[in-house]
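Numbered per my numbering, the sequence shown spans residues 4 to 410.
Note sheet for the following structure.
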Amino acid sequence: MKVVLGVGGGIAAYKAAELARALVQNGHAVQVVMTAGAREFVRPLTFAALTGRKVIGDLFSSATPDATLSSAVEHIAVAQENDLLIVAPATADLLARFAHGLASDFLTTLYLAFPGPVVLAPAMNTNMWTHPATQANLEALRRRGHRVVEPGEGFLACGMTGPGRLAEPAEIAAAVEAELHRRRDLEGETVLITAGPTQEPLDPVRYISNRSSGKMGYALAEAAAARGARVTLISGPVHLPPPRGVKVIPVRTAAEMRDQVFAHLQGTDIIIKAAAVADFHLSKVPQQKVKKTAARISLELDPTPDILSELGRKKDSRQLLVGFAAETENLPQEARRKLEAKNCDMIVGNLVNREDVGFESDQNEVILALRTGETIPLARASKREVADRIFDEILKLRLAIYATDEH
Ligand code: C5P
Numbered sequence: 004m005k006v007v008l009g010v011g012g013g014i015a016a017y018k019a020a021e022l023a024r025a026l027v028q029n030g031h032a033v034q035v036v037m038t039a040g041a042r043e044f045v046r047p048l049t050f051a052a053l054t055g056r057k058v059i060g061d062l063f064s065s066a067t068p069d070a071t072l073s074s075a076v077e078h079i080a081v082a083q084e085n086d087l088l089i090v091a092p093a094t095a096d097l098l099a100r101f102a103h104g105l106a107s108d109f110l111t112t113l114y115l116a117f118p119g120p121v122v123l124a125p126a127m128n129t130n131m132w133t134h135p136a137t138q139a140n141l142e143a144l145r146r147r148g149h150r151v152v153e154p155g156e157g158f159l160a161c162g163m164t165g166p167g168r169l170a171e172p173a174e175i176a177a178a179v180e181a182e183l184h185r186r187r188d189l190e191g192e193t194v195l196i197t198a199g200p201t202q203e204p205l206d207p208v209r210y211i212s213n214r215s216s217g218k219m220g221y222a223l224a225e226a227a228a229a230r231g232a233r234v235t236l237i238s239g240p241v242h243l244p245p246p247r248g249v250k251v252i253p254v255r256t257a258a259e260m261r262d263q264v265f266a267h268l269q270g271t272d273i274i275i276k277a278a279a280v281a282d283f284h285l286s287k288v289p290q291q292k293v294k295k296t297a298a299r300i301s302l303e304l305d306p307t308p309d310i311l312s313e314l315g316r317k318k319d320s321r322q323l324l325v326g327f328a329a330e331t332e333n334l335p336q337e338a339r340r341k342l343e344a345k346n347c348d349m350i351v352g353n354l355v356n357r358e359d360v361g362f363e364s365d366q367n368e369v370i371l372a373l374r375t376g377e378t379i380p381l382a383r384a385s386k387r388e389v390a391d392r393i394f395d396e397i398l399k400l401r402l403a404i405y406a407t408d409e410h
C-alpha cells in the first residue's frame, strides 16, 4: 500500500527514521513529508535513502537548497494517491493545526486534502502533553476518527520524566497495519443506534431525565459510518453535532424512541441500544404548568416501554442486538443477567459511579458480555476508540454465531 509519513519538528524525529524503515519492510511505498522543524533535527537525505524516494518539504519550496527535496506543489496528488497518513512525531503545534484546519505548510495542507485514514503518534514535553489545549485538540482529532498512538512514559529529552515520549516505532507500524486493514469492514451493513437520554415530561415545562450525554452512542455512529455502514441514529436530546454521513432522527421520550426504532427496524443488520432510556414516566401529563404550593406532592410513575426487551423478542435471527448496562455495582453479573433476560447478543457494561469514565466523560472503560459466554474487558480509552473495539468484537461475534448455527 502507499503510505505518507509526516515528520514533525521534535527531537523524536530521529525515531521516525526507524518507523520509515519498518513501513518499507512491511511492503509499503513510503512518501515522507517533513516540516521545516523536522528538517532542523534530521536531514531529509536519511529518509530519502531509507524510502528510495524524494522527501517533500515546503509548499512553496523553489528556494529549497537541498536536492533531495521536491519543489512541486503536489499536496492534492499526494493526498489522492496514498492510502494512509501517519504523522510521527506529531508535535503539539501540528496537533493544534490539524485540529483547527490550518493549512500553513505542506503537511497541514496535505492533511486537509487527505480523504483516507490518519494515524497520529504524538511526542512532546509532559506539560505540553497534559495541557488542556493539547488534550482538547486530541479529543477533536479522535472524534474525527483518527487513531492516536499514545505516547509512552519515560525520560524525556527535556530532562523531565512522564508521558510524552513517542511510542516505539514497532508499535506505530503495527497501528498503521491495523488501520490499513480495518477500514470499510462495515460496508453494506445497515446499523441502527440509539443514543442519549430521554426526557419524560411532568407538565409543559418540567421533565425527568438522566445524566447521559449521548457521547458513546454518537461515537458508535461515527465509527460505523467511517467503516462504511449505513447508519441511522435515533437520538434523545443531546448537545452534540450530528456525525458526518449519519441519518439522525431526534426524539424526546421513551415512547417516541420506541416508535422510531420499530419504524426503522426492517433491513437493519446491527442494532445498538446505547440510549439511557428513562425507566419511568407520567402516563397522563397535565396540560398546564403545575402550580407551586407549600404542600408535598407525590408523583405516580408508570414504567416506560422496554425497547430492548421488545427488540429481543421481535428481532429476526440474522439481526445482531447489542444492549448497554449502566451499573453502579456487580457489573459482570448484571451484564450477563441482562444479556439473557433481554435476549441480546452482546451487552456493553459500564460502571457509572466513576468520575473519569462513563456518563458525560470523553473516555470509557467497559466490559463486553457475549452470547457465546465470553466476557471481554476493554481497556480505558476514548469513546471513539471503544466504539471501534465494540464493532471489531461485533464482527467477530457474528462469525462465531454463524459458525455454530451452521454446524
Ligand atoms: O435494564 P436496563 O434498563 O438497565 O437496560 C439497559 C438497556 O436497555 C440499554 O441498552 C437501554 O437502551 C435499554 N432500555 C430500553 N428501554 C427502556 C430501558 C432501557 O431499550 N425502557
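All C-beta atoms in this analysis are idealised placements derived from N, C-alpha and C, irrespective of residue type, glycine included.
| Item | Value |
| --- | --- |
| In whole angstroms, give me the CA-to-CA distance for P204 and R150. | 40 angstroms |
| Between the Cα of R233 and those of V241, P240, V293 and L223, spot the shortest distance and give me the residue it belongs to. | L223 |
| Whole angstroms is fine: what's the gap from L183's alpha carbon to D86's? | 8 angstroms |
| With three or more beta-carbon pairs closer than 8 angstroms as the criterion, would you say the stretch 325–332 touches the stretch 297–306? | no |
| Quick check: the stretch 158–171 against the stretch 129–137, are at least 3 beta-carbon pairs closer than 8 angstroms? | yes |
| If we call anything under 8 angstroms between Cβ atoms a contact, is I275 one with I252? | no |
| Should I310 be counted as a contact of the ligand C5P given a C-beta to heavy atom distance under 7 angstroms? | yes |
| Are there three or more Cβ pairs, one per stretch, closer than 8 angstroms when the stretch 12–21 is compared with the stretch 91–98? | yes |
| Compute every distance between the C-beta of K5 and the non-hydrogen atoms of the ligand C5P, then say whether any falls below 7 angstroms. | no |
| So, at 7 angstroms on beta carbons, what are the nonlocal neighbours of A229 in its own chain, with the 5 sequence-adjacent residues on each side left out? | G148 |
| Sorry if obvious, but does the Cβ on G326 come closer than 7 angstroms to a heavy atom of the ligand C5P? | yes |
| In whole angstroms, give me the CA-to-CA distance for D69 and L48. | Reliability of the predicted coordinates at D69 is poor, the pLDDT of 49 falling under 50, and the value obtained from them is presented with this limitation in mind. In a straight line, the C-alpha of D69 is about 9 angstroms away from that of L48. |
| Going by DSSP, what residue range makes up the alpha helix (DSSP H) through I196? | Note, I196: premise wrong, no alpha helix (DSSP H); beta strand (DSSP E) at T193 to A198. |
| Helix, strand or coil for G220, going by three-state DSSP, please let me know. | helix |
| With a threshold of 16 other CB atoms inside 10 Å of the CB of K294, please say whether the residue is buried or exposed. | exposed |
| CB of D61 to nearest heavy atom of the ligand C5P: below 7 angstroms? | no |
| Under the assumption that T256 contacts T201 (Cβ atoms under 8 angstroms), give the Cβ distance between them as a whole number of angstroms. | 5 angstroms |
| The alpha helix (DSSP H) spanning V10 covers which residue range? | From DSSP, V10 is part of no alpha helix (DSSP H) but of the beta strand (DSSP E) over K5 to V10. |
| Which of the three DSSP states, helix, strand or coil, is assigned to A70? | Legend: pLDDT at A70 = 41, less than 50; position of this residue unreliable, value from coordinates given subsequently. A70: coil per DSSP, three-state reduction. |
| Output needed for L159: all residues of its chain with C-beta closer than 8 angstroms, excluding positions within five of it in sequence on either side, in chain order. | N128, T129, G165, G167 and R168 |
| In the DSSP output, what is Q366 paired with across the bridge? | S385 |
| Does DSSP put N1 in a helix, in a strand, or in coil? | With the chain covering 4 to 410 only, the question about residue 1 has no answer from this structure. |
| Would F50 and A23 be called neighbours here (beta carbons separated by less than 8 angstroms)? | yes |
| Which one of T38, I350, P308 and F362 has the shortest CA to CA distance from L373? | I350 |
| The ligand C5P heavy atoms versus the CB of V331: any closer than 7 angstroms? | One detail in the question is off: residue 331 reads as Thr in this sequence, not Val. Checking every heavy atom of the ligand C5P against the Cβ of T331, none is found closer than 7 angstroms. |
| What span of residues does the beta strand (DSSP E) with R168 cover, start to end? | T164 to R168 |
| Assuming R383 and V355 are in contact, meaning their beta carbons sit under 8 angstroms apart, how far apart are those beta carbons, in whole angstroms? | No, R383 and V355 are not in contact; Cβ-Cβ is about 14 angstroms, not under 8 angstroms. |
| What's the gap between the Cα of K5 and the Cα of H31? | 6 angstroms |
| Between L334 and G315, how many whole angstroms is the CB-CB distance? I'm expecting something under 8 angstroms. | Wrong, their Cβ atoms sit about 20 angstroms apart, outside the cutoff. |
| What would DSSP say about P172, mapped onto helix, strand or coil? | helix |
| Helix, strand or coil for R261, going by three-state DSSP, please let me know. | helix |
| Is any non-hydrogen atom of the ligand C5P found closer than 7 angstroms to the C-beta of D262, if you look at the structure I gave you? | no |
| Report the option in V58, L97, G104 and A116 whose CA atom is closest to the CA atom of A80. | A116 |
| Taking the alpha-carbon positions, what's the D206 to D365 distance? | 33 angstroms |
| Determine the contact status of T112 and H78, defining contact as a CB-CB distance below 8 angstroms. | yes |
| For the ligand C5P, any of its heavy atoms closer than 7 angstroms to the Cβ of A224? | no |
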